[in-house]
Amino acid sequence: MVDTDGARIIQLGAEDAAAGLLLSTEAHWNQTGADWLVFLREGTVLGIRDGRVLVATAALLPYPGNNAWISMVLVTASHRRRGLATQLVDACLEVARKRGLTSWLDATPAGAAVYGPLGFTPTLQLRRLKLVTSTPAATPAPSSAPVEALCARDRRATGLDRTVLLTAFAERPGSRIVSEGGAIALVRDGRTARHVGPLFADDSAGALTMINTIVRSENGPLLIDAVASQGAFLEGLTASGWTIERPFQRMRFGPASATGGELPFAVAGPEFG
Ligand SMILES: CC(C)(COP(=O)(O)OP(=O)(O)OC[C@H]1O[C@@H](n2cnc3c(N)ncnc32)[C@H](O)[C@@H]1OP(=O)(O)O)[C@@H](O)C(=O)NCCC(=O)NCCS
-8 MVDTDGARII QLGAEDAAAG LLLSTEAHWN QTGADWLVFL REGTVLGIRD GRVLVATAAL
52 LPYPGNNAWI SMVLVTASHR RRGLATQLVD ACLEVARKRG LTSWLDATPA GAAVYGPLGF
112 TPTLQLRRLK LVTSTPAATP APSSAPVEAL CARDRRATGL DRTVLLTAFA ERPGSRIVSE
172 GGAIALVRDG RTARHVGPLF ADDSAGALTM INTIVRSENG PLLIDAVASQ GAFLEGLTAS
232 GWTIERPFQR MRFGPASATG GELPFAVAGP EFG
């Protein structure tokens, strides 16, 4: 049994990717083994084992410019409500504090209940939407924009330099960067559905045109994490068959350090911001 008062927190390594994937799959999340390796190689992933079994995780992924994303906060169903998530997120915050990083995260409703008491404050809201297409498409079109263009737009919009992350995404088999008019988006593989995001556009009409282009060239289900305040975009998505699966609440711990100049239409994913 895990000792709930001060369970032993360990730092995980690349060899724990499969055990991490079991936890995110149990929660029906879309992450792949490649996603876990981003956190395990580029970030700090903390975990708690019960015997030899990994039962809880939390990850801190630093971004240049004194920011970090906290994610992969997962506790297996049999070990919930014993304070494990609280302990792990607290330990991530300690890592961030020592490095002088402002921590951000995109919380599920259950997660927000854990993070609020720790001192996180809400910022913007997201909506996860899903599209199950019935029309078969040709094989996905190749990338139509270089990764440098996506990184530059991402930096301008979010204030974060995520060149390393976005380049790693773009290099994965099946990834493509689509650009049309003033819009640009990344599409990548997920465990259960392809993920669209981040997506930037000059206006909601441009963002919806981009989505329609992507949908026409994709097979299988698609997921997108849209910024909730992009109302016309969200309405356009639901009018064309996308369904809202769940909300996410973006939260911040520490001073506002990233000053974005443009609101994205969709983010890279709740685990990456
Ligand atoms: C959310 C999750 C990580 C919480 O893990 P946990 O170890 O059970 O959380 P804690 O025991 O530290 O909870 C601390 C407090 O948060 C609140 N809380 C935790 N889970 C909650 C839930 N499902 N609903 C409402 N409040 C909740 C409670 O106030 C709890 O204190 P209490 O048990 O004394 O009432 C876990 O339920 C989980 O893995 N869920 C699926 C994945 C997920 O949503 N992860 C969060 C991503 S942002």
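Using the working numbering, you'd call the opening residue of the sequence shown number -8 and step up by one each time.
Every residue, glycine too, gets a C-beta built ideally from N, C-alpha and C.
From a predicted model like this one, the values you see are computed outputs, not experimental measurements.
Secondary structure at Gly38: strand, using DSSP grouped into helix, strand and coil.
Taken through DSSP and simplified to helix, strand or coil, Asn58 comes out as strand.
DSSP places Gly188 in the uninterrupted beta strand (DSSP E) bounded by 185 to 191. If you compare the alpha carbons of Pro100, Ser125, Leu31, Val86 with that of Arg241, the shortest gap goes to Pro100. Listed by position along the chain, the residues with Cβ atoms less than 6 Å from a non-hydrogen atom of ligand 1 are Ala18, Val64, Leu65, Val66, Arg71, Arg72, Arg73, Gly74, Leu75, Ala76, Thr77, Ala98, Thr99, Ala101, Gly102, Ala104, Val105. Non-local beta-carbon contacts of Asn57 in its own chain, meaning distances under 7 Å to residues more than five positions away in sequence, involve Gly91, Leu92, Thr93, Ser248 in chain order.
Shown here, Ser195 sits in a helix according to DSSP, grouped into three states.
Spatial neighbours of Leu31 in its own chain (CB-CB distance under 7 Å, excluding positions within 5 residues in sequence) are listed in chain order as Leu3, Gly4, Ala5, Asp7, Ala8.
Close CB contacts of Gln78 within its chain, under the 8 Å cut and outside five residues either way in sequence, are with Gly(-3), Ala(-2), Ile0, Ile39 (chain order). Per the C-alpha coordinates, the member of Ile205, Thr16, Asp194, Ala98 positioned closest to Glu253 is Asp194. Put simply, the stretch 108 to 126 touches the stretch 231 to 240. At least three CB pairs are less than 8 Å apart. Closest option to Asp145, judged by alpha-carbon separation, among Asp41, Val105, Lys89, Ile175: Ile175. Collapsing the DSSP output to three states places Asp216 in a strand.
Pairing Asn21 with Arg179, the inter-Cα distance amounts to about 11 Å. Val44 sits exposed, since fewer than 16 C-beta atoms from the chains shown fall within 10 Å of its C-beta. According to the DSSP secondary-structure assignment, Arg241 is paired through a beta bridge with Asp97. Between the alpha carbons of Ser15 and Leu28 lies a gap of roughly 13 Å.
The three-state secondary structure of Glu171, taken from DSSP, is strand.
Under the three-state reduction of DSSP, Ile205 is assigned to helix. Secondary structure at Glu253: coil, using DSSP grouped into helix, strand and coil. Bounds of the beta strand (DSSP E) holding Gln116 are 112 to 122. In the structure shown, Val105 falls within a helical segment according to DSSP collapsed to helix, strand and coil.
Straight-line spacing of the CA atoms in Met63 and Phe263 works out to 10 Å.
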